[in-house]
Amino acid sequence: MSEIKNVITVEKLEKYFKITREALEKLEIAVDERSHLYVVAKDFLTMAKSYFQDAEYYYKKGDYVTAFAALNYAHGFIDAGVRLGVFRGEDNRLFAFG
């Protein structure tokens, strides 16, 4: 019997919470405060943190699907900021860059 892979388990959520939490802790803004991109960096960081908090809220409520979606949005803002160059993120385990 094949393994079911379309289920959001506690283990899967905990794995992605750990990765996103660590990415948020290591994340650094890479642009000067005087740069017009600084506003973008701050906005992306606010959105990533907000979605991470949403994920925690939904996880505690037992809504794993919404929690997983919020985690993906959080990490999407992180990765977009790294790709755009407004965040520093050299750890390919935590950040998409290239």
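With the numbering used here applied, the sequence shown covers -10 to 87. C-beta atoms are modelled at their ideal positions from N, C-alpha and C, and glycine is treated no differently.
Taking C-alpha positions only, E45 is separated from F84 by approximately 20 Å. When DSSP states are grouped into helix, strand and coil, I(-3) belongs to the coil group. For the pair of segments examined, the segment 52 to 72 was found to touch the segment 5 to 19: the number of CB pairs separated by less than 8 Å reaches three. Per the DSSP secondary-structure output, I18 pairs in a beta bridge with F76. Comparing alpha-carbon positions, the option among V54, E14, D52 and H25 lying closest to I67 turns out to be E14.
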